Each structure stands twice: as C-alpha cells, then as structure tokens.
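**Q** Protein sequence lines correspond, in order, to chains A and B. Numbering of the first sequence is given in this note's numbering, commencing with residue 34 and proceeding in unit increments. Numbering of the second sequence is given in this note's numbering, commencing with residue 34 and proceeding in unit increments. Every residue, glycine too, gets a C-beta built ideally from N, C-alpha and C. Just so we're clear, the structure is a prediction, and the values are computed from it rather than from any experiment.
2 protein chains.
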Amino acid sequence: MVETTRRRAIEDAASDLFRRNGYAATSVRDIARALDIRGPSLYAHVASKEDVLWAIVDRVASRFEIAAEAATLAAPDPDDLLGALVRAHVAVVTDDVGEASVFIHEWRHLSDQRRQTVLERRDAYEDRFRAAIAAGIAEGAFALTDPSLAATFLLTALNGIPTWYRPDGPTSPAQLADLYADLAVRSLTEASR
Amino acid sequence: MVETTRRRAIEDAASDLFRRNGYAATSVRDIARALDIRGPSLYAHVASKEDVLWAIVDRVASRFEIAAEAATLAAPDPDDLLGALVRAHVAVVTDDVGEASVFIHEWRHLSDQRRQTVLERRDAYEDRFRAAIAAGIAEGAFALTDPSLAATFLLTALNGIPTWYRPDGPTSPAQLADLYADLAVRSLTEASR
DNA sequence: CATGCTCCCTAACGATCGTTAGTTAGGAGC
DNA sequence: GCTCCTAACTAACGATCGTTAGGGAGCATG
C-alpha cells in the first residue's frame, strides 16, 4: 500500500537497511535481497547507490522544512513557537522513523556537493529553533541562555528519537510530541524556586 | 606525548577515522596510512579491525561508568544527583570527543556478543539517570513525568555532543557541563508560572 | 501480429576489502 | 658474534564491492 512505484519500494527497503546497518555497511545486493531480486537489477531503477541515499535524504529534508514552515505560520505568539517546532519535528520523525534516521545519520556519506547542500538546509532549519529561543528570551518567557547552544541541546535530543523510538511501542506519536514539547519548553523556562 | 605504546597510537588514529567516516567506511589501510605505514603492518599490533573498535568502545564505556559512579558517591542529595551525572557525562565526552563519538555511534558494528555486552552496560548506565529522575520526582523536586522517557531525552541530548562539540570552539568543557546541567535540571523542574 | 515498456536475469569488469605468510632491518642483552 | 625483540615490509589470498553489458520474459497498446 505504501509503495506506489518500484523506485519507492527500493528506497523504503534501503531506508530500513541503511538505518539498521549504516550506508557503508549496506551493499547494493543487500538492498536487492530485501526485495527478492538480484543486485544488478536495481540499476534499471536507480543510477547509483548514492542516488538512493540522496533521494531519501532529500525527501526527508523537505518534510522537515515543510513541517517547520507550517508550524511557524500557525504559531500564534513567540513562546508557543518553540513548542510548535518541537511538535512538528517529532511528527516528521515518527511518521517514518527509518527514513528520518537515515537523514540524520547517513548524510555524511553523500558526495561533497550534496553533503554541502544538506549542511546548508540543516543550518537554515536549525536557525528556526535558534530564532524561536532568542525571541522567547527577548520576550522574557525564557531564561537567559545561549540560544545557539540551547537549540543544539534540543535538536540533538530530537534527532536521537529514531535511535530508540519504535512505532509499536507504548508511546504514540502524539504523546511523544506533547512530552518532548513540555521537556523542551521547560528546559528554557526559569524554575519556580 | 599522548601515545605511549604503538597499540594506543593505532587506536587513536582509528578513533579519528571512525568518527569522521564511520567504522565500515574506514579501511585497515586507511588507519595505517594515518600512521605512515602499510596496512598489513598493523596486524603485528592488533588481531583484527574489530579488535581496534572493541578496545576503544570498551575503554570509553569504562570511563563513563567510573565517572558516573564517582558522581553518585559525591552527590549529597537526590536532586543534585541528576546534575552531577550530567556534568560527569559531559566531562567524559569532552575529554576525548573522538573516542566518545566512536563509542556512541559505532558499537553496532561489533560482533553479536560484544554488542550485547555494550547494550547491557549502556542499559545499566542509563538506569542511573532513570533512578536519579525518579528520586527527584518522588522528592517533589521534579515535575511529574515518565522517568524513562525523560532520561532518554537527556541522554540523547548528551550523546549528541560529539556531533557538534569542538575542543577549540568558544565553549570550555566546564562551561558546557554547567550549561547542560542547567538545561537538564530545568527540563524536569516545574515552571514558575 | 508487431512494438515498446517494465522488470528482471546471468556473467563479468576492475577495485578494494580484511587478512595471512614470509621476510628484512635495526637495536638491546648476553 | 649470537640471539631475541620490535616494527616494518612485499606479495598475495579469497571475498565482496559498485557497476556495466547484453539478453529475455510478460504485458499492454497500436
């Protein structure tokens, strides 16, 4: 049901293997085996192994960008923005943990040019978090800290989700989004005592 | 100066390469080249490529355990314990970012038995964080949340440090430990409003 | 019935992988 | 001078890597 084209089925199988064993430790023949075909047959559908990685990374990057943009537009005021960004991020990750994991961990195996592109897009994405935190501090809603370091703290926690989250576990994506948004906002909010 | 034995020099060079390119994408000849020798010469010092990875992972695991144990013994009361654990963790990571990164990311390339050992030790280590959080909640110092999920949130943030921290950057290890301990404790503390 | 499209096959290419075998050069201790 | 140790070398092993070439089966459209 999920896979509409053969190409997409290949990317899904590759996602799963890349996540479990890493890009470098996954051979083209491994991917083919998961689809019950032979290695060389893949090349009727993809140009190269790296192309498959790139397709996955590129798609997930877009998903993060679209979700963050929607959250930014929908957030009523600055100190809700950070929570909205966290929720959006969790939603993208939980929507397809395998692909998200590949995006987060395997992009460094891309060619120089593509890796550079990913770095730039990632930096722009992280800027949204830094800006949201800076706005919250300026507004007095958040405690005084380095927005850049706080953003990194939160983003690494968010990016860690694919390393442990399983869709069939006890926590639903919605619950996880709520819990992480709470932890994130609280980590920036002055304590009561 | 750092390297006392040839064996250790190999592990240091391997750490650096494993961190930058990953274990699977690093060849034995790559490691040798970093030491200005030929690939097969390495086998006078190490039994296998995996042995090098294991030596690094095992040593770092011990460092984490020792640091956490010291923090546990030194922490005066429960709600200081979490901060102490965070500080200890940051100290271990910043002490050798390369090795820490290898420990965190490359242990899955170990053989089944060794991987299992790492998993168990890691689980015991994470239990310290879960227990500290649970104790803080029981004491009323922390807000009501799932200790396990909160611990995962914090540990993934901590484990993300090697992906971005550079010793020659603007933040000192001590500063980073303080900032992260603040963020961690605050993320579990009820907001003032 | 022919054409073309999708999908997969086997065989094989050169490169590189981790590793083994056997050897050599230099220095320390008797 | 002989022995032993450390540390490196070259040559080569079988396996596997990503990829290319060339061919064939099934099916839809004209």
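#1: Near T185(B), which residues of its chain fall below 8 Å by C-beta distance, leaving aside the five closest residues on each side in sequence?
#2: In chain A, which residues lie with their C-beta within 9 Å of the C-beta of F97(B)?
#3: Check whether the segment 40-60 of chain B touches the segment 45-61 of chain A, counting contact only when three or more Cβ pairs, one atom from each stretch, lie closer than 8 Å.
#4: Any C-beta of chain B within less than 8 Å: which residues of the segment 156-169 of chain A qualify?
#5: Can you pull out the residues from the segment 60-86 of chain B whose beta carbon lies closer than 9 Å to at least one beta carbon of chain A?
#6: Starting from E223(A), follow the alpha helix (DSSP H) in both directions and report where the run begins and ends.
#7: Drop a sphere of 10 angstroms on the beta-carbon of A202(A), count the other beta-carbons inside from all chains shown, and report buried for 16 or more, exposed for fewer.
#8: Am I right that R161(B) and T222(B) are in contact with their C-beta atoms under 8 Å? What's the rounded C-beta distance?
#9: Any chance the segment 181-201 of chain B sits against the segment 130-139 of chain B, with 3 or more Cβ pairs inside 8 Å?
#10: Please confirm if A58(A) has its CB atom under 8 Å from at least one CB of chain B.
#11: Along the alpha helix (DSSP H) that carries L114(B), what are the first and last residues, could you check?
#12: Taking CB distances under 8 Å as the criterion, tell me whether A47(A) reaches chain B.
#13: Once DSSP output is grouped into helix, strand and coil, what is the label at L68(B)?
#14: Note down, in chain order, every chain A residue with its Cβ under 7 Å from the Cβ of F136(B).
#15: Check each residue of the segment 103-126 of chain B: if its Cβ is closer than 9 Å to any Cβ of chain A, include it; give the result in chain order.
#16: Just curious, the alpha helix (DSSP H) that Y158(B) is in, first and last residue?
#17: Output the boundary residues of the alpha helix (DSSP H) element that contains T105(B).
#18: Could you tell me which of D84(B), A42(B), I170(B) sits nearest to R66(B), measuring between CA atoms?
#19: If you check the beta carbons only, do I89(A) and E132(A) fall under 8 Å apart?
#20: Does any C-beta atom of chain B lie closer than 8 Å to the C-beta of F144(A)?
#21: Would you call the segment 167-176 of chain A and the segment 110-126 of chain A in contact, with 3 or more CB pairs under 8 Å?
#22: Return the CA-CA distance between A165(B) and A101(B), expressed in angstroms with no decimal places.
#23: What does the alpha-carbon distance come out to for the pair V125(B) and A77(A)?
#24: Assign L50(A) to one of three DSSP states: helix, strand, or coil.
#25: Do S134(A) and E83(A) have their C-beta atoms closer together than 8 Å?
#26: List, in order along the chain, the chain A residues whose C-beta lies closer than 7 Å to that of F186(B)?
#27: Quick check: what's the CA-CA separation for S48(B) versus A94(B)?
#28: Report the neighbours of L152(B) on chain A: residues whose CB is nearer than 7 Å to its CB, in chain order.
**A** A quick look at the data gives this:
#1: If we look at T185(B) and ignore the five residues flanking it on each side, its Cβ neighbours are E159.
#2: Correct list: empty, because the minimum Cβ distance to chain A is about 16 Å.
#3: Judged by Cβ distances under 8 Å, the segment 40-60 of chain B makes contact with the segment 45-61 of chain A, as three or more pairs qualify.
#4: If the cut-off is 8 Å between Cβ atoms, the segment 156-169 of chain A has nothing near chain B.
#5: Listed by position, the residues of the segment 60-86 of chain B near chain A (Cβ gap below 9 Å) amount to none.
#6: Segment: none, E223(A) is in no alpha helix (DSSP H) and carries neither H nor E.
#7: Here residue 202(A) is Gly; the residue named in the question, Ala, does not match the sequence. Looking at its Cβ environment, which holds fewer than 16 other Cβ atoms inside 10 Å, G202(A) is exposed.
#8: Going by Cβ atoms, the distance from R161(B) to T222(B) rounds to 19 Å, so no, they are not a contact pair.
#9: These segments touch.
#10: At least one chain B Cβ lies under 8 Å of A58(A).
#11: Segment 111-128, the alpha helix (DSSP H) holding L114(B).
#12: Output row for A47(A): interface = no.
#13: L68(B): coil per DSSP, three-state reduction.
#14: Near F136(B) there are no residues of chain A at all, since even the closest Cβ is about 14 Å away, more than 7 Å.
#15: Of all residues in the segment 103-126 of chain B, none has a Cβ within less than 9 Å of some Cβ in chain A.
#16: Here the alpha helix (DSSP H) through Y158(B) covers 145-172.
#17: From DSSP, the alpha helix (DSSP H) with T105(B) extends over 82-107.
#18: For R66(B), the nearest C-alpha among the options comes from A42(B).
#19: In contact: I89(A) and E132(A) (Cβ atoms closer than 8 Å).
#20: This sequence places Ser at residue 144(A); Phe is not what is there. No, S144(A) lies away from the interface with chain B (no Cβ there is under 8 Å from its Cβ).
#21: Yes, the segment 167-176 of chain A touches the segment 110-126 of chain A.
#22: So the two alpha carbons sit approximately 11 Å from each other.
#23: A direct Cα-Cα distance of roughly 49 Å separates V125(B) from A77(A).
#24: Assigned with DSSP and collapsed to three states, L50(A) falls in helix.
#25: Taking 8 Å as the Cβ cut-off, S134(A) and E83(A) do not qualify as a contacting pair.
#26: Using a Cβ-Cβ cut-off of 7 Å, F186(B) is close to A190, Y213, L216 of chain A, given in chain order.
#27: Per the coordinates, the alpha-carbon of S48(B) lies some 14 Å from the alpha-carbon of A94(B).
#28: Neighbours of L152(B) on chain A: none; closest Cβ ~12 Å, over 7 Å.
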